[in-house]
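Each remark here refers to the structure printed beneath this line.
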Amino acid sequence: MTIPVIEAKNIVKSFGGVRAVDDVSVSVMPGEIHAVVGENGAGKSTLMRILAGVETPDSGSVEINGTAIENSAKASIDAGISLVHQELSLIPEMTVAENIMLGSFPTAGGWTKTRDMKKIAADTLKEIGVEVDLDERISRLSVALRQFVEIARAVARKPKVLILDEPTATLTPAETDYLLDMLERLASQGLAIIYISHRIPEVFKICKKVTILRDGKLVTSESIDKLTPEKVIDQMVGRELKLDLSQRRQINDSGDVVLSAKGIKAPGVNGIDLEVKTGQIIGLGGLVGAGRTELIRAIIGADMKTAGKVTITSNGKKQVITGYLSAIRAGVAYVPEERRTDGLALGMTVAENIFLPNRKEVSPTGVMPKSKIAAFAKELSEKVNLRPPQITREAGQYSGGNQQKIVIAKWLGRKPAFVVLDEPTRGVDVGAKAEIHKLVKQLAEEGAAVLVISSDLPELLELSEIIHVVRDGQIAGTLKGSDATEKSVMSLAAGEKLVGA
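So the sequence shown is numbered by the working numbering: it starts at 25 and just counts up by one.
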């Protein structure tokens, strides 16, 4: 009987006391395209990084052709495992050929053998069926060609196992079809492929077997012919909807339009209209790479948009948003996905962080007595229930949930007209999550227009009166929040119409 090319046995991995991968075993046979699926945070990427030797498991082992390998990136590469990360790792100012051979340049006497390098790179590109100038710099290539060069670099190592983490997240439908055909050709030559994707139609198009993870645990590994798209999504979600439907938000359509975004185009955003009124909480659902964050950053001017118009109307005054500074002046508050890098100055105190966007609110005259700053920060930290409420303590010394409260607090002082929260409770504990939800609802009750991006489906359902689901940089569908289900949101996000969704 043929043994698996790669087999993970009883893998366990924890981060800060939280089990990201909990006793997971999976095996892949020669010539098999094996899907690994699950919701955001299910443990897929962590498991793949362990297979590739990038992360060290707390326990468990990885075997290639029945032999256990050492846990290191070099040992995994030497054993024949190549991982194409979700975030591409090409060097922009190097050429296509140089990137393909990165880490394995043919040399003689300490010098790179350029002719040999280009021949290997050309042969690899031919093998995967991609035409691109070997001397072109990566920075000048389209996103799709960069993805294909990344795959070529992995294939150039002549791997036994090719792991791809969300490889089509930034590709058009035509580019996706081309990639899927490429993978089927490689599998037909005996290559074992592990394919991580949220996109269920792709899984059913090319995969022979599906492993489903949920909350770091293995749910099932089944042959594709024993599954349906509906069953896969049911097992990905895997939980009862524990919400009192009578308490979910009803559509509040009586307010004035605060945000008006028309025809927004930007990298990853393909022409979206969006509107939010006073007192509304509008949700944006979708998968990683769908374009949600790109959309809101283009709307508020944090990133450049290529087309479209955005206006914010506050206190009867309509203002066109031309950049992030104009957005702030118009009454926009932005709680970013990455609070530690984009939302806080970790080495500064709570009071200093809260004071940063509130100079005029603290002192319109420009005089900044420390006592006044402290009183202002203390009031806002108490409003968000910061624990402990030590405004002289550095923000970096607080837990994730308390850090998120500080980010929210610093905007409350400006009494914003439009509030954007990107993954507002990612990485926070249950208690802090409930408190942040209460704050979000309170903002709407006080008249702010609120836009929430969340990959946490119960959170999206609890907070939103309208849910726009983003897929491939467009609105794939709009759901009434009080009627939406986890399944209906996921089916739109994954591009699969499910019975009963």
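C-beta: ideal position from N, C-alpha, C; glycine also.
Any idea what DSSP makes of residue i, helix, strand or coil?
i: residue 213; result: coil
i: residue 382; result: coil
i: residue 475; result: strand
i: residue 36; result: strand
i: residue 353; result: helix
i: residue 332; result: strand
i: residue 314; result: coil
i: residue 166; result: coil
i: residue 414; result: coil
i: residue 192; result: coil
i: residue 348; result: helix
i: residue 222; result: coil
i: residue 232; result: coil
i: residue 524; result: Bear in mind that a pLDDT of 48 at residue 524, under 50, signals an unreliable position, so the number given afterwards is only what the model happens to contain. If DSSP states are grouped into helix, strand and coil, residue 524 belongs with coil.
i: residue 47; result: strand
i: residue 137; result: coil
i: residue 446; result: strand
i: residue 491; result: strand
i: residue 501; result: strand
i: residue 6; result: Any answer about residue 6 is impossible in this case: the structure gives the chain only from 25 up to 525.
i: residue 438; result: coil
i: residue 467; result: helix
i: residue 337; result: strand
i: residue 184; result: coil
i: residue 509; result: coil
i: residue 515; result: helix
Are the beta-carbon atoms of residue i and residue j separated by less than 7 Å?
i: residue 104; j: residue 184; result: yes
i: residue 313; j: residue 178; result: no
i: residue 352; j: residue 334; result: no
i: residue 493; j: residue 315; result: no
i: residue 28; j: residue 52; result: yes
i: residue 296; j: residue 499; result: yes
i: residue 410; j: residue 429; result: yes
i: residue 204; j: residue 230; result: yes
i: residue 95; j: residue 84; result: no
i: residue 31; j: residue 79; result: no
i: residue 124; j: residue 180; result: yes
i: residue 175; j: residue 116; result: no
i: residue 67; j: residue 45; result: yes
i: residue 332; j: residue 397; result: no
i: residue 108; j: residue 188; result: yes
i: residue 484; j: residue 214; result: no
i: residue 508; j: residue 224; result: no
i: residue 232; j: residue 56; result: yes
i: residue 456; j: residue 425; result: yes
i: residue 413; j: residue 406; result: yes
i: residue 274; j: residue 512; result: no
Rounded to the nearest angstrom, what separates residue i and residue j at their Cα positions?
i: residue 348; j: residue 330; result: 15 Å
i: residue 527; j: residue 377; result: For the chain, the structure presents residues 25 to 525; residue 527 sits outside this window and is missing.
i: residue 385; j: residue 436; result: 11 Å
i: residue 221; j: residue 59; result: 7 Å
i: residue 463; j: residue 408; result: 7 Å
i: residue 474; j: residue 253; result: 33 Å
i: residue 49; j: residue 227; result: 20 Å
i: residue 40; j: residue 141; result: 43 Å
i: residue 269; j: residue 212; result: Unreliable placement is indicated for residue 269, whose pLDDT of 44 sits below 50; the coordinate value is still reported in the next sentence. In a straight line, the C-alpha of residue 269 is about 49 Å away from that of residue 212.
i: residue 209; j: residue 444; result: 44 Å
i: residue 516; j: residue 338; result: 33 Å
i: residue 259; j: residue 47; result: 18 Å
i: residue 575; j: residue 460; result: Nothing can be reported for residue 575, as the shown portion of the chain is limited to 25 through 525.
i: residue 91; j: residue 148; result: 28 Å
i: residue 266; j: residue 169; result: Note that residue 266 has pLDDT 45, beneath the 50 cutoff, so the model's placement of it is unreliable and the number below is only indicative. Taking the straight line from one Cα to the other gives about 44 Å.
Regarding residue i and the ligand MG, is the C-beta to nearest heavy atom distance less than 6 Å?
i: residue 466; result: As far as ligands go, the structure on display features none, and thus does not contain the ligand MG.
As a quick exercise: from the options, pick the residue whose alpha carbon is nearest that of residue i.
i: residue 488; options: 429, 393, 305; result: 305
i: residue 318; options: 337, 291, 342, 299; result: 291
i: residue 158; options: 146, 56, 166, 169; result: 146
i: residue 478; options: 34, 496, 447; result: 447
i: residue 101; options: 75, 123, 119; result: 75
i: residue 121; options: 61, 150, 108; result: 150
i: residue 217; options: 201, 191, 241; result: 191
i: residue 138; options: 439, 119, 154, 206; result: 119
i: residue 363; options: 57, 283, 432; result: 432
i: residue 341; options: 512, 280, 233; result: 280
i: residue 186; options: 160, 310, 54, 262; result: 54
i: residue 449; options: 466, 441, 480, 420; result: 480
i: residue 526; options: 93, 89, 37, 99; result: Examination of residue 526 is not possible in this model, given that the chain is present from 25 through 525 alone.
i: residue 241; options: 434, 42, 355, 327; result: 42
In chain order, what are the residue ranges of uninterrupted alpha helix (DSSP H) at least 4 long that sit wholly in the stretch 58 to 97? 68 to 75
Only counting runs of 4 or more residues, tell me where the alpha helix (DSSP H) segments fall wholly within the stretch 244 to 310, in order along the chain. 253 to 261
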